[in-house]
Each structure stands twice: as C-alpha cells, then as structure tokens.
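Trainee: Protein chains in written order, with our numbering: chain A, 563 to 889; chain B, 1068 to 1859. Glycine included, C-beta positions come from ideal geometry on N, C-alpha and C. Shown below is the structure under consideration.
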C-alpha cells in the first residue's frame, strides 16, 4: 500500500499546548480527524516532519452551545454529530444538510468541523501520488511551477471543496482563532484567500478553535445543495448555500448566496443587496441563478465538465432557493 | 444449419425447483467462507507473513512509450534497509496468458509501453524503505511517440508498439460473414445504422493484487497469489524463472474479488519469486490501488458501427458490426476479445445473416483484458439499442420484437454455436410481467421510462487455452473414518462460491452434512488442475467433475449401508449425515459409520476422482471454436429510469433481471451473482470511465477519482431465476456470474429513450452527455416544428 513518510507526532492536551507546538514547528500540520490529511501525506503533498494531533483536545473543543447571541461550535465537533444533532437540525438545517453529505458515514464520524473548514484545496492534478504527479509534471501547488488547469497560470486555482464553508458563509459565520499571542475572531469570509497553495489565512502558530453563527441565523430561510457524481463519498463538483430573511409579506431580504468548488476561495455572490425587498418567488430564484452564473467560473480543476457545471448552476441555485423558501 | 424451433412454450418451463435434499443441490447453503470474510479471520494473501520476510516495490514508467537505455540500481542498493533489487534483464523470458501472444516482461527489458509499465523492483525490510529506494533508481529513457487511440495506432503503423508484431499495431483482426449480409440489409424494411462508443472500465476489486514467495531449504518455491488462474501462473512462473514446474507450488488464498482482473500472470508474481530465489528470504508485494489501475485488464474501449436490418414483421434479416477495439499496450486475452466481440452476439435471437469485422489495436495505455462479460458487453449494448431503434421504426413493441426473434432451444446459431436449453422467453415474460411493461412502457409521465434488453453468454469456453488432451477440471474426493469429507479441487473461488457448491455436491451425492466437507482448493501441489476462474466455466466444469467423483463414492457408501441394514442399495436414502432405509426409516446408520463400513469392504482408503473432458464443439471454420461453449445462459432485463431534464441527472430506480441459469444449485448464490452483475452493468452505464490525458496518463487512478456507485446509487434489483435444465450441465446448471450483466446497459439506454426520446450511444451516460442530447433533441423538435415538409 502507499506508505506514510516518517513523522514526529505531538500530542497536546490543551489549546495552549497545541498552539505552542504549532508555533515551535511552523511546518507542522494539524491532525484532527485525519480523513484528508492522511491520504495527502501518503501522496507526498507536504514536506512536514511534524503532526500536531488534537485528540487530547476533544473535551475542550467538542461542543455546540448557545452563548452571547451566537451558536458556537467547537472545532473538534464531528461532522456526523452536526449532521444529526437536533439543535443543529432545528436551528441551522442547511448546516446539517451539508454535513450529512460530506464523504461517507465512517469518514463523517472521524472528520471534524474545524478540519472541514480548513480543508486543503483540491485539484485533479494535485491529489495524486508522487509517481503520478511526476509523470504529469509537478505543478505550482507542490514541487513544480506549471499549472495544468490554467495554461501559463501563476496562481494556484485548486478548488475549495469543503461543504461546510458555503453554508457558514451564507449564514454569516465567524471563526475564532487562537495563537500563543492571543485570540481573534474574524468573519469566515476573511479566512479564505484566493491562493490554492494555501487558502487559509491562519498565521503561524494559529489554530481555528470555534465557529460562531449569529443566533438570528435560526430565523433565516436556508438550504444547501451539492452536485456530485455519486450520492456519497464524493467531493463536490459544485456546492452552494443560500440564506435570506422572509418577511410577512413574502419579501426576501438579507440575501446571501455562496457557491464553492470553483477555485481556491468560495464565492460569496456579490450585489444581492439590490434584490432586497423583492418577492421571494420563482423569478427571484432565477435572478439569483443568473447572478451566480455570471460570477462563477468553473474550471477543469474538478473532473466534472466545467461547461456542464456552469450550465446547471442557475438551475441548482433556483431550486435551492425555492427549497429554502418552502422550508 | 438446423432450423431452430422452440421445443416447448415458455410456460412449460419448470418453476424453481425445491432442494432435492437438505444441504444438497438447490439448497440455500451459506457460503463455506462467509464467516471468515465477515469476522476478519479469513486469510487473504496480504495476511500472510513469514519470519525474515521482505517487502518489495515496483518502479513504474512515467512515459507512455520509451526505450529504456539504462537502469541503474546501485544507489538504491546502498540505501539502508534495502536487501536486493531486480531489473528486466534478469527475467528476459516473455509471458502472457495466451501461448501465441506472449508479449509481456515482468520488468521492461528494452521498452516501456504505457505509463505505469513495470521497470525495476526493490526488496527492503519494510515498504517505506522500498518506496524511498525506488526514487534512487536511475533510469535513462529515450521517449518515443505515444499512440493513445485506435485512430492514432491505425494512422501510424511506422510507430510500432511491438516491434516483432507483423501487422503494424494490429493486435488481432477477425472478419467473418455468415450469409449475404449486404443483400439482406438492402431489402430490409427498417434499418438502424449508428456508431456506438464504450469508454472502457476497470474491475475495482476490493482486494488489490498481492503475492508472497518463499523458497524452502530444498529449493522448492511456493508462491501465494491473489490470482484466479493458479494453473497458468504455475506454468508461466516455470517458463520465466527456468525452474521445473515440479519445484514450484502456487497457492491461491482467500480472494477479495477479481471479476477478470486477476486472470493474467502479473509482474508481481515473477518479482516476488525471483527475489525470493535471489535473497533466500520470503518476499511480499502488495499493489497500491494505483498499481491495480495500471495492471488493469479491464473492459476494452470499443467503437462499434452497428447496422441492424429487420423485415416488416420485425425479424432480423441482417446484422453488420464493424468494431475497433482499443487494447492497450499488451495482448493479454486480446486474441479472444477480438473474437468474442463478434462471436457471442448470435443469440438469443435468430440472425438471418451476420457479419462482423473486429480489430483490436495496440495503444500506449494500460492493457485491457477480460472483465465480467469479456468482449461481449460492449457489442451487446450497441446491438440491443439498435434493435430497439429499428423496431421503433416499424412500430413494434421492444419486448415483442425480442420475442419474435427468439432462436429456440437445441439449435445452432448462425455462426455454428450449439445452444441447448434456452429459457430466454421465460426470462422475457418474467421481466415483462414484473415491471408491468404493457401498462407502463411508453405511458409513464415525462422523464420516466422503461427499457428492455436481452443477452446470451457462455458457460465456459469449449477448449483449453493451451491445446492438450487432459481434463479441463479435476476433483479428488476422499472420505475419512470420522465422516469428514475432503474435496481437492483446483478451481478458484473468487467469490462466486464454487467451494460452497462443492460441499453441496458432496451433500447431494454422498449424504453428508455440507458443513462436514473440507474444501482444499487452488493449490498446485495438492489439488488436481482446474484451468481457472474465467469465461464462467467453473461451476459447469468443476461441478461435473465433482459430481463424477462423488457418484462413485456414493455408490460404495450405499452398498455398505445396505449390507449393514439388510436392505437393497436402491432403498438407501442418504442425507445430512444419515443413511437410512427409505421404506423402513428406523433402520439407519450414521454417515461416519457408512464410511468405516465402506472402507473395510473396499480394503483401501475411500477416494475417487472426476474430471471434465473437452467436447468437440464449434463451427467448422477458422475461429469457429472461439465462443463455442458447452452451454449458453440467457438474460432479460427491464430497467426503469427517471431523468431530470433540466440538469441531465438521471437515476435508474429499478432493474428487473431474469436469468436462465439452467438450474440454481444454490439460489442465494445465483441471486447474489445476478445482483452483483446488475450493479456492475448499471455502474458502467452511470459513471465508470477510463480517461487519459494527452500523455497517456490515466486520470485519477484511485477509488475517489474513478467513481463506482455507492449503495445509494444502486437501483432496486429484482433478481429472478429461470431454470431451463441444461442437459449437459451439472444437475442442469449453467453459468450465472457474467451473463446477467450484459442486458443492464442497453436496458438502461432504452429506458432513457422511453423517458425522454433520446438515444445515447456513448458510455457512460454522464449528466453532461444526457443534457447535451436533450438540448439536441429540443433543437431538432424546433426545426421540425417550423419545417412544413416535416410537419406534413
């Protein structure tokens, strides 16, 4: 079978110890559920000698609680838990929906929300063995300088492929980051960068410890959709989440629409403020679809034909919007 | 050519038979190896471990086509923990499963022919060290132009993938014509004429290939391998290593799936054997999933130009098929593939005339080979779609056109294959009724549809791969004084369940409890030869051999019991470990007691052998024996689909699959084979695809990037058994492991047509292709709507 490189594994028992270990080894990778990290290590995607394993932080970082007008989710809460927890299903049904569609049952039990939010970008040309990449010619995400997706491209366009991110972006979430220097809370959209090599704006020694969703999110209409080749154990070919406020006259406001599995950063569709106050109906769904299609640019970084993905995006947006409306 | 007529109407065929006796034929006996597979105690090749064992890894070519100028392993040998290395020059003898087309080397001698071709091998104390050492091997390549498609191979005969090949890049060409096809086609009332593409798919067994070799103090070599052809591996190891076969033992441990992907000798078997001989230490190689993809031998990509001509009653006047087969870099079973692509299409329907022109081409890609339904799944897809289309022009219902063309029982096909029993009409009737076809076909709401297809497959190939007069399958049965029965069989149980069937045949013939049977299987030192688990031959041939061996012993046991019980031997009834008088059941003895009495009477240990001997079969022309089989199985499917016209996303919601297996020796196993076949066929229709880039690199050689359906993607399957009672088969049985796959793909394609009026001719039917076809349909309809002559 594929072998792992030799690694030193650090096993902190608190967040403080964990960020100290991360600060001491700037090249270290964080091991939470390991469902993505382990295959990537076997593929030789990282040069690191150090893993910081978070199992010892499970008690500290595995929770869902309502606090200070927010729903706060510890980073080590498992994907499986979020897919099924009655509180999440009731308050943030789109998040439960997204988590229920990540990978398969075994991986959902291992995988964590923090791990999914920090999931490395993916590309058909990078998530492959060292031999395969050597036969292809190494690319600029690792070991090389060329881009196989965009000819002559200088910036990596490997795709953000996490299903939790578009939902939490649509729900206006923020994340809490801790480092030896202290902690900060940033909007989730500031976490992601348009660089596929490293699309997470974590500073050295920094660890994502919590996701925070405003409590008002529970009042929003919301839904998630994932396009994929098969009905389980697949990364998204496209995913999207929509949320909006519906008033008593049936008008939509505070519209947010996130589309991902495009390039390094999930797309938060721009210019939706103009649509505020319009009746929430089929035609608004179509308008959202048109805007998403105009702004999204699917690439060949994912195996499913980009032209096809572009074609069906407005259909999926419209249907997801209407599903949220009926919820 | 005899006129085929149905021997009896389909309703006269017998219903599923009840078991003849507990634990015997027809009983739902649990698989003998099920517990070990379920609880993890079963030993697969990779579970084997020996003291001082080394782990080896193979270096593979990053070029699709290149001359290998130099392989230098010096630095790898100096890497700490590396014990030895191997290069192609040490194993120069070529091998291949077909004796006439041996064109493979364990490690490249002078040329690499696809990305992933084996180049060198390193043995080390552990896998990681071996992996590290691979990167220290220095190889000088001189890249050559790579031919990556049938068209490129045809257009560039000057770039020869195999220099010794006489005809450019043609691996095999077959052209056969039966009757005046062109004249019959010209006078047909309706013709369907279209080109179909099959993309290529791979087996994806759960267990990757694994082999372990060990040399004992006397210099005898044992190789454990996850193979489905221990006998051919035995022969090829002997030739390539230059060792007498009597000094080599090949053992097949418990196998985690094969589907045809383990029916060639592979590089790892030669590498572990040679390294064990060189180092004197046991050596193991376990392929990575990526290496399984490169070893491949999966279903061939094919381009099929099919023409089907029907007369006004819908009878098939002419079938013409021009087939180009993308073979990949080596021959494998390719000679047979080129024939099977044409020879296996001539049932269950009677063809008025038939021609096929089939060419297998070498290309610089992983070699294709036999995958469940070898060579015939692709042409079956094309033909069954074409038949539907031609019948539609005549306004004949798809089920009806198939019924009208039924070839019958006890007939010769147009190409001279002898069909015995034939339960196809019953299959068709079952799926027609179960799916409520008459009320629903063509009448479902938009986006939903039903499709039907039929097929035929072989129960073993008539002749052995290398010509010889010895039996093709042998079984030795030995009785112990304890009442334990030991069956020694060379046959490979690859999940189809032959070891269980052997226990059931013992229970049937001897009257023992099937749980009291030990099956010693697929061990060339201990078991008689069986040629291997391919072409659906095992249950048929090994079953007949076992029956023959057991009959002789059963007679001795009944005689001994009759003598003890003072009844006539014909009065003795033997079942589940007791031999009793039928007329006076209180008179009985145990099976063990009968064994002891019979051994005492015989004066020698109780054992008997049985064999399956080759019968003369097939058409009297060159190639007429390929596709000839002692019996043919038949299948009919109806598939139901739902198509989302806005996105092209579709789902096959249900498949009714009826299969004529002759006799269900174990109905649970037959149902399992039907379900597995339907799953695999539906998978090929839905999503499986081998895609290569312009360098010849296979996209995503992993089970994430090469999607196979999950349980959520799998349709409901209604597995229906038809028992036509094959006169030549063991207890009337025919094959059940491959035939039920064939009809799935065309049934789905025809259902999509019923759902939304599009004919899909290129696999897999991805949503993108479906959406494009729907858009083309809408465009056609628009043109038709504005065009006066069309609307007239």
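(1) Hey, residue 1016 of chain B and residue 1221 of chain B are a contact pair by Cβ (cut 8 angstroms); roughly how many whole angstroms apart?
(2) Taking 8 angstroms as the cut-off, does the region 1471-1486 of chain B touch the region 1389-1407 of chain B (at least 3 CB pairs, one atom from each stretch)?
(3) Around the C-beta of residue 1682 of chain B, are 16 or more other C-beta atoms found within 10 angstroms, so that it is buried, or is it exposed?
(4) Let me know the secondary structure DSSP gives residue 1068 of chain B once reduced to three states.
(5) For residue 1567 of chain B and residue 1292 of chain B, what's the separation of their Cα atoms in angstroms?
(6) Do you know whose CA, among B:1723, B:1088, B:1755 and B:1754, lies nearest residue 1741 of chain B's CA?
(7) If we require 3 or more residues per run, which beta strand (DSSP E) segments fall completely within the region 761-794 of chain A?
(8) By how many angstroms is the C-alpha of residue 704 of chain A removed from the C-alpha of residue 596 of chain A?
(9) Does the Cβ of residue 1132 of chain B have 16 or more other Cβ atoms within 10 Å, making it buried, or fewer, making it exposed?
(10) According to DSSP, which residues form a beta bridge with residue 1210 of chain B?
(11) Below 8 angstroms, can you find three or more Cβ-Cβ pairs linking the region 714-723 of chain A to the region 747-762 of chain A?
(12) Under a three-way DSSP split, which group does residue 718 of chain A fall into?
(13) Taking the alpha-carbon positions, what's the residue 1612 of chain B to residue 1150 of chain B distance?
(14) Closer than 8 angstroms by beta-carbon distance: list the chain B residues that pair up with residue 693 of chain A, in chain order.
(15) Taking DSSP as the reference, what is the three-state secondary structure of residue 1681 of chain B?
(16) Can you check which of these residues, A:785, A:829 and A:677, is closest to residue 888 of chain A by C-alpha distance?
(17) Any heavy atom of the ligand GTP inside 7 angstroms of the beta-carbon of residue 1131 of chain B?
(18) Here's the rule: buried if 16 or more other CB atoms are within 10 angstroms of the residue's CB, otherwise exposed. What is residue 1438 of chain B?
(19) Return the CA-CA distance between residue 1229 of chain B and residue 1284 of chain B, expressed in angstroms with no decimal places.
(20) Give the DSSP-derived three-state secondary structure of residue 676 of chain A in the structure shown.
(21) Any idea if residue 1350 of chain B is buried or exposed, counting beta-carbon neighbours within 10 angstroms, 16 or more meaning buried?
(22) What did DSSP end up calling residue 1420 of chain B once you bin it into helix, strand or coil?
(23) Please confirm whether residue 1754 of chain B has its beta-carbon closer than 8 angstroms to some beta-carbon of chain A.
(24) Should residue 598 of chain A be flagged as near chain B, meaning a C-beta pair shorter than 8 angstroms?
(25) Using beta-carbon positions only, say whether residue 1538 of chain B and residue 1679 of chain B come within less than 8 angstroms of one another.
(26) Closest Cβ-Cβ distance between residue 874 of chain A and chain B: below 8 angstroms?
(27) Residues in the region 1710-1739 of chain B with C-beta within 7 angstroms of chain A's C-beta atoms, listed in sequence order?
(28) Out of curiosity, what's the CA-to-CA distance linking residue 1362 of chain B and residue 1171 of chain B?
(29) For the region 1766-1796 of chain B, which residues have a CB atom closer than 9 angstroms to at least one CB atom of chain A, in sequence order?
(30) In the structure shown, what three-state DSSP assignment does residue 737 of chain A receive?
(31) Between residue 1195 of chain B and chain A, is any beta-carbon pair separated by less than 8 angstroms?
(32) Is the separation between the beta-carbon of residue 1278 of chain B and that of residue 1173 of chain B shorter than 8 angstroms?
(33) My understanding is that residue 1629 of chain B touches residue 1635 of chain B, with C-beta atoms under 8 angstroms, so please give their C-beta distance in whole angstroms.
(34) Helix, strand or coil: which one does DSSP assign to residue 801 of chain A?
(35) Can you tell me the Cα-Cα spacing of residue 1777 of chain B and residue 1752 of chain B, whole angstroms?
(36) For residue 1812 of chain B and chain A, any beta-carbon pair shorter than 8 angstroms?
Mentor: In terms of the structure at hand:
(1) Outside the shown range of chain B, which is 1068 to 1859, sits residue 1016 of chain B, and nothing can be said about it.
(2) no
(3) exposed
(4) Annotation note: pLDDT 38 at residue 1068 of chain B (below 50); position unreliable, coordinate value reported separately. DSSP places residue 1068 of chain B in coil when its eight states are reduced to three.
(5) Linking residue 1567 of chain B to residue 1292 of chain B through their CA atoms gives a straight-line distance of about 21 angstroms.
(6) B:1723
(7) 769-776 and 783-789
(8) When rounded, the distance between both Cα atoms is 20 angstroms.
(9) buried
(10) B:1133
(11) yes
(12) coil
(13) 46 angstroms
(14) 1127, 1129 and 1357
(15) coil
(16) Minimum Cα distance to residue 888 of chain A is reached at A:785.
(17) As for the ligand GTP, it is missing from this structure, which has no ligand bound.
(18) buried
(19) 40 angstroms
(20) Reduced to three states, the DSSP call for residue 676 of chain A is helix.
(21) Residue 1350 of chain B should be labelled buried.
(22) strand
(23) yes
(24) Interface flag for residue 598 of chain A against chain B is unset, since no Cβ pair is found closer than 8 angstroms.
(25) yes
(26) Yes, contact with chain B.
(27) 1713 and 1714
(28) Rounded to the nearest angstrom, the two C-alpha atoms are 12 angstroms apart.
(29) 1766, 1767, 1768, 1769, 1770, 1771, 1772, 1774, 1775, 1776, 1777, 1778, 1779 and 1780
(30) strand
(31) Closer than 8 angstroms: yes.
(32) No, they are not a contact pair.
(33) 6 angstroms
(34) strand
(35) Pairing residue 1777 of chain B with residue 1752 of chain B, the inter-Cα distance amounts to about 14 angstroms.
(36) So, not an interface residue.
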